[in-house]
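Structure record follows, encoded as structure tokens.
Residue numbers (the UniProt record's numbering), protein chains in the order written: chain A, 1 to 484; chain B, 1 to 344.
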């Protein structure tokens with residue numbers, strides 16, 4: 001049994017904190033006691049700490065199943081930052097030599113991150129079976145649910161993975177799961193509802209004001225965006241569903257608002273993404289125009305606004321993304337701008353990633369023709385075909401999935417159109433029992449947000465100081481100077 | 001400056017050149033056919049200059065220049081028109097062109113620039129006694145190289161020495177290139193710029209920016225390989241990345257041949273087809289200055305080939321002219337490479 005004092009000591013020495021955020025201590029105690037645990041903690045509560053800290057008090061390894069490469073990279077970087085070197089991310093970006101040597105030294109790693117696809121590969125499974133895994137973590141566990149909006153078939157292999165490696169405890173973590181998704185997560189991991197400790201905190205982030213605003217068209221939207229960026233306290237993040245739009249608006253804001261804005265999306269070279277993250281973290285950049293590739297591992301506490309330029313594809317994504325604001329607990333704001341044609345735009349985006357009936361037919365007629373296609377839709381079909389599914393079943397399955405995605409998107413629309421309190425709408429959607437006391441700091445159901453009263457107003461445009469040294473002599477001196 | 005005009009530098013007024021081969025060479029696709037084209041067009045040093053060049057962009061630029069009458073096309077080959085030659089000359093003064101770039105000499109220049117920036121960041125943070133920072137994202141192999149390099153350094157002097165070597169390098173560049181490249185420096189309390197930010201600051205297009213980055217890193221490598229004594233730290237950083245121009249597999253084939261193994265035995269040992277090994281030899285013949293042609297072309301073979309081809313310009317030789325000779329493509333191509341190299 002690990003003593004509370006020991007836990008506190010690791011918290012201070014390893015992580016530099018003196019206190020836990022709500023939910024963390026409870027989860028950590030449970031997994032250290034060997035208890036399978038399912039935790040729903042709101043965004044920004046430091047979910048990673050819930051498995052990082054126990055890692056230092058368990059003798060075996062911690063295996064983390066993570067859905068996104070960028071998320072894994074961020075988590076690895078965080079651990080490196082904390083001075084932890086025994087970290088391995090088994091990703092598709094590893095070259096053959098590094099992968100071989102990592103697997104050869106597998107037992108020396110404390111924290112191992114991998115995608116569900118990677119975890120299903122036979123040689124990796126073999127390694128995991130031989131390893132002493134004390135804690136199996138399923139991060140962003142809502143991805144495991146077929147009802148979840150980001151479902152990936154390889155998540156279905158996790159139940160057998162868990163059976164094969166028999167960890168002392170399993171921890172499923174998420175910030176967003178409806179009741180149906182919660183039940184499905186347990187089932188898909190082979191966890192029983194009675195034997196699993198369920199730690200569910202309210203998904204509400206009370207310090208984030210929820211604002212939505214209808215605009216006539218894109219021109220009006222751009223204008224309104226410029227005004228908001230001029231008026232709102234910074235720093236802030238603006239989310240887009242298109243890379244190109246994120247780049248265009250960056251240029252626009254550079255001309256109209258501030259030079260300290262940059263774009264961020266998955267199409268950029270990794271070192272450019274790194275540069276944007278670092279500049280943002282250090283306050284060199286005040287506004288980021290990003291796609292959803294940005295932010296998973298962003299640990300910037302003082303983000304004051306998150307604006308959605310495009311409609312998020314569902315309420316889960318919306319909640320995740322606005323959750324990057326106000327992690328310091330200070331008043332912040334989420335602003336969603338929408339124009340009439342936004343719904344259709346997003347509907348096309350969310351459904352065209354699923355294989356349609358014609359493609360399914362083509363694929364099953366001649367699967368070998370697609371052997372070398374690197375298209376996600378084909379990968380999906382390949383997976384199901386290998387698992388013995390036929391074309392008719394899949395047509396039905398994907399038609400259903402398309403309906404579900406549209407349904408999830410409609411929940412966004414319902415949120416926008418709700419005549420009542422928007423915060424309460426979200427809580428109800430996630431069957432969160434919290435009752436909201438609606439007031440002027442809650443949402444703009446009745447009156448538009450009073451930025452001054454919320455202390456989110458930037459009274460005069462603060463002059464941009466161009467701090468980047470422009471000639472090489474100054475730049476070099478800055479890198480090699482010891483005084484700050 | 002219009003980016004598509006860069007294409008003019010890849011074509012000639014007299015010689016018909018295949019754009020697809022040039023594109024493959026720029027992207028770093030190492031096939032004998034591409035390499036031979038590079039040799040024939042005198043473009044070999046541009047190998048791997050633009051590894052991320054999207055095919056459609058290249059094609060689009062080509063079409064623009066064809067439509068504008070700066071290039072003309074016959075079958076799969078392209079050459080400059082008189083207007084094209086004039087445009088190239090006019091543009092020459094304004095364009096930033098790679099001068100030091102040498103794709104085969106410095107095959108691993110990208111790994112080197114990653115190492116260079118990571119090493120600089122590590123030294124800067126070390127000097128500031130800061131252990132908590134996010135290291136630049138590079139491959140695991142590069143991380144390892146940099147760590148090994150750092151272990152070899154005298155920690156009390158490394159910052160001063162590294163700064164000095166940087167000063168020598170940047171000081172050797174045109175000011176604008178040095179300013180540009182220094183934007184990517186990072187260290188304690190110093191964040192690097194994105195390529196987009198640095199391009200904006202310099203007023204360059206993304207393509208120009210990329211060419212400058214390539215040019216600068218090769219310029220550095222030229223300096224620190226030719227004047228290693230002035231750059232002990234950085235020469236040591238480059239050393240594990242330095243390799244000959246051959247691919248790893250071709251180099252292995254060549255080494256085994258030099259040890260006296262036959263192609264057949266190597267083929268069995270390495271489980272590689274003899275034809276692939278012959279391609280390795282052709283690669284070596286193209287890229288090495290001292291390839292032993294005589295070892296693989298006997299006097300009698302040479303005579304047959306000479307009889308057929310010596311009255312013809314090299315670029316008009318066709319393998320099917322040898323139909324009844326019993327010679328194979330390897331011998332034909334090897335002889336062609338030898339002659340192309342002799343006649344420049």
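Positions of the beta carbon are idealized from the N, C-alpha and C atoms, including for glycine. If you're wondering where the values come from, they're calculated on a predicted model, not measured in any experiment.
Taking Cβ positions, are residue 123 of chain A and residue 155 of chain A nearer each other than 8 angstroms? Residue 123 of chain A sits at position 123 when you count from the first residue of the first chain. Residue 155 of chain A sits at position 155 when you count from the first residue of the first chain. No, these two residues do not count as a Cβ contact at 8 angstroms.
Hey, residue 282 of chain A and residue 239 of chain A are a contact pair by Cβ (cut 8 angstroms); roughly how many whole angstroms apart? Position 282 of the first chain, counted from the first residue, corresponds to residue 282 of chain A. Position 239 of the first chain, counted from the first residue, corresponds to residue 239 of chain A. Cβ atoms of residue 282 of chain A and residue 239 of chain A stay farther apart than 8 angstroms, at about 22 angstroms.
Residues from the segment 125–156 of chain B in contact with chain A, defined by Cβ distance under 9 angstroms
For the segment 125–156 of chain B, the set of residues with a beta-carbon nearer than 9 angstroms to any beta-carbon of chain A comprises 127, 128, 129, 131, 132, 133, 134, 135, 136, 137, 138, 139, 140, 141, 144, in chain order.
Residue 141 of chain A and residue 42 of chain A - do their beta-carbons sit closer together than 8 angstroms?
On the first chain, position 42 is the one that residue 42 of chain A refers to. On the first chain, position 141 is the one that residue 141 of chain A refers to. Not in contact: residue 42 of chain A and residue 141 of chain A (Cβ atoms no closer than 8 angstroms).
Q) At least one CB of chain B closer than 8 angstroms to the CB of residue 81 of chain A: is that the case? A) Counting from 1 along the first chain, the entry for residue 81 of chain A is found at position 81. Yes, its Cβ sits closer than 8 angstroms to a Cβ of chain B.
**Message:** Does the CB of residue 166 of chain B have a neighbour CB from chain A at under 8 angstroms?
**Reply:** Position 166 of the second chain holds residue 166 of chain B. Contacts with chain A at 8 angstroms (Cβ-Cβ) include residue 166 of chain B.
**Prompt:** With burial defined as no fewer than 16 other Cβ atoms inside 10 Å of the residue's Cβ, what is the status of residue 114 of chain A: buried or exposed?
**Reply:** Along the first chain, read from residue 1 onward, the residue named residue 114 of chain A stands at position 114. With 16 or more neighbouring CB atoms inside 10 Å of its own CB, residue 114 of chain A falls in the buried class.
Counting only beta-carbon separations shorter than 8 angstroms, does residue 187 of chain B have a partner in chain A?
Position 187 of the second chain, counted from the start, is the residue given in the question as residue 187 of chain B. Yes, residue 187 of chain B lies at the interface with chain A (some Cβ there is under 8 angstroms from its Cβ).
In chain A, which residues lie with their C-beta within 7 angstroms of the C-beta of residue 179 of chain B?
Residue mapping note: residue 179 of chain B aligns to position 179 of the second chain, counting from 1. Those are 470, 471, 472, listed as they occur along chain A.
Own chain partners of residue 284 of chain B with C-beta closer than 7 angstroms, once the 5 adjacent residues on each side are dropped: Sequence index remark: in the second chain, residue 284 of chain B carries index 284 (1-based). Answer for residue 284 of chain B: 246, 250, 254, 291, listed in chain order.
Under a Cβ-count criterion, where at least 16 other Cβ atoms within 10 Å of its own Cβ denotes burial, should residue 66 of chain A be classed as buried or exposed? Locating residue 66 of chain A in the first chain gives position 66, counting from the first residue. Classification of residue 66 of chain A: buried, given that the 10 Å Cβ count is 16 or more.
(request) Closer than 8 angstroms by C-beta to residue 181 of chain B: which residues in its own chain qualify, once you throw out the five before and the five after it? Chain order, please. (result) For the purposes of this step, residue 181 of chain B is taken as residue 181 along the second chain, with counting starting at 1. Excluding residues within five positions, the ones whose Cβ falls inside 8 angstroms are 170, 173, 212, 213, 216.
Locate the alpha helix (DSSP H) running through residue 253 of chain B, then write down its first and last residues. Numbered from 1 along the second chain, position 253 holds the residue referred to as residue 253 of chain B. Per DSSP, residue 253 of chain B belongs to the alpha helix (DSSP H) from 248–258.
Worksheet item: Quick one: is residue 339 of chain B near chain A, going by C-beta distance under 8 angstroms?
Response: Taking the first residue of the second chain as position 1, residue 339 of chain B is located at position 339. By this cut-off, residue 339 of chain B is not an interface position.
| message | Using the Cβ count rule (16 or more neighbours within 10 Å means buried), how would you classify residue 241 of chain A? | response | Position 241 of the first chain holds residue 241 of chain A. When all chains shown are included, residue 241 of chain A counts as buried.
Inset, instruction - Under the assumption that residue 263 of chain B contacts residue 277 of chain B (Cβ atoms under 8 angstroms), give the Cβ distance between them as a whole number of angstroms. - result: For this step, residue 263 of chain B is matched to residue 263 along the second chain. For this step, residue 277 of chain B is matched to residue 277 along the second chain. About 5 angstroms separates the beta carbon of residue 263 of chain B from that of residue 277 of chain B, a gap short enough to meet the 8 angstroms contact definition.
Open item on the list: Does any residue of chain A have a CB that is nearer than 8 angstroms to the CB of residue 1 of chain B?
Closed with: Locating residue 1 of chain B in the second chain gives position 1, counting from the first residue. Low confidence applies here, because residue 1 of chain B scores a pLDDT of 48, under 50, leaving its location unreliable; read the following figure in that light. It does not: the Cβ of residue 1 of chain B has no partner Cβ on chain A nearer than 8 angstroms.
is_contact[residue 271 of chain A, chain B] using C-beta, thresh 8 angstroms: Counted from its first residue, the first chain places residue 271 of chain A at position 271. The C-beta of residue 271 of chain A comes closer than 8 angstroms to at least one C-beta of chain B.
Check: Looking only at C-alpha atoms, which of A:120, A:158, A:254 sits nearest to residue 487 of chain A?
Finding: Because chain A here runs from 1 to 484, residue 487 of chain A falls outside it and cannot be looked at.
Excluding the five sequence neighbours on either side, which residues of its own chain have a C-beta within less than 7 angstroms of the C-beta of residue 340 of chain B, listed in chain order?
For the purposes of this step, residue 340 of chain B is taken as residue 340 along the second chain, with counting starting at 1. Within its own chain, the residues whose Cβ lies closer than 7 angstroms to the Cβ of residue 340 of chain B, once the five positions on either side in sequence are excluded, are 39, 40, 314, listed in chain order.
Pairwise C-alpha distance: residue 8 of chain B and residue 105 of chain B
One-based indexing of the second chain puts residue 105 of chain B at position 105. One-based indexing of the second chain puts residue 8 of chain B at position 8. Roughly 24 angstroms between the two C-alpha positions.
- From which residue to which residue does the alpha helix (DSSP H) around residue 389 of chain B run? A question about residue 389 of chain B goes unanswered here, because the residues of chain B that appear run from 1 up to 344.
With the cut-off set at 8 angstroms, would you say residue 17 of chain B and residue 77 of chain B are in Cβ contact? Mapped onto the second chain, residue 17 of chain B falls at position 17. Mapped onto the second chain, residue 77 of chain B falls at position 77. A Cβ-Cβ contact shorter than 8 angstroms links residue 17 of chain B with residue 77 of chain B.
Can you tell me the Cα-Cα spacing of residue 412 of chain A and residue 285 of chain A, whole angstroms?
Here residue 412 of chain A refers to the residue found at position 412 of the first chain. Here residue 285 of chain A refers to the residue found at position 285 of the first chain. Rounded to the nearest whole angstrom, the CA to CA distance from residue 412 of chain A to residue 285 of chain A is 30 angstroms.
Report task. Give, in chain order, every unbroken run of the alpha helix (DSSP H) that is at least 4 residues long and sits entirely within the segment 129–180 of chain A. Result -> Correct list: 158–165.
message: Is residue 268 of chain B close to chain A? Criterion is C-beta to C-beta, closer than 8 angstroms.
response: For the purposes of this step, residue 268 of chain B is taken as the residue at position 268 of the second chain. Residue 268 of chain B does not count as touching chain A.
How is residue 30 of chain B classed by DSSP in three states: helix, strand or coil?
Against the second chain, residue 30 of chain B aligns to sequence position 30. Note: residue 30 of chain B maps to coil in three-state DSSP.
- Since I believe residue 246 of chain A is in contact with residue 338 of chain A (beta carbons under 8 angstroms), could you give me their beta-carbon distance rounded to a whole number of angstroms? For the purposes of this step, residue 338 of chain A is taken as the residue at position 338 of the first chain. For the purposes of this step, residue 246 of chain A is taken as the residue at position 246 of the first chain. Taking C-beta atoms under 8 angstroms as the contact rule, residue 338 of chain A and residue 246 of chain A fail to qualify, at a distance of about 17 angstroms.
Practice item. Can you pull the chain B residues whose beta carbon is under 7 angstroms from the beta carbon of residue 279 of chain A, in chain order? Key: In the first chain, counting from the first residue as 1, residue 279 of chain A sits at position 279. Think of a sphere of 7 angstroms around the beta carbon of residue 279 of chain A: the chain B residues whose beta carbon falls inside it are 191, in chain order.
message: Can you check which of these residues, A:288, A:353, A:440, A:448, is closest to residue 236 of chain A by C-alpha distance?
response: Here residue 236 of chain A refers to the residue found at position 236 of the first chain. Among A:288, A:353, A:440, A:448, the Cα nearest to that of residue 236 of chain A belongs to A:288.
| Mind checking if residue 217 of chain A is an interface residue toward chain B, Cβ cutoff 8 angstroms exclusive? | Position 217 of the first chain holds residue 217 of chain A. False, the Cβ-Cβ gap to chain B never drops below 8 angstroms.
Beta carbon of residue 202 of chain A: closer than 7 angstroms to some heavy atom of the ligand HEM?
Of the ligands one can find in the structure shown there are none, so the ligand HEM has no counterpart to examine.
**Asked** Pairing CB atoms from the segment 421–438 of chain A with CB atoms from the segment 399–409 of chain A, are three or more of them under 8 angstroms?
**Response** Segment contact: the segment 421–438 of chain A against the segment 399–409 of chain A, fewer than three CB-CB distances shorter than 8 angstroms; contact not assigned.
Q) Mind pulling the chain A residues with CB within less than 9 angstroms of residue 208 of chain B? A) Looking up residue 208 of chain B in the second chain gives position 208. Correct list: empty, because the minimum Cβ distance to chain A is about 17 angstroms.
Cβ-based contacts, 9 angstroms cut-off: residues of the segment 417–445 of chain A near chain B:
Going along the segment 417–445 of chain A in chain order, one finds no residue with a Cβ nearer than 9 angstroms to chain B.
Extent of the continuous beta strand (DSSP E) to which residue 72 of chain B belongs = Within the second chain, numbered from 1, the residue matching residue 72 of chain B stands at position 72. It spans 71–74 - the beta strand (DSSP E) in which residue 72 of chain B sits, taken as one unbroken run.
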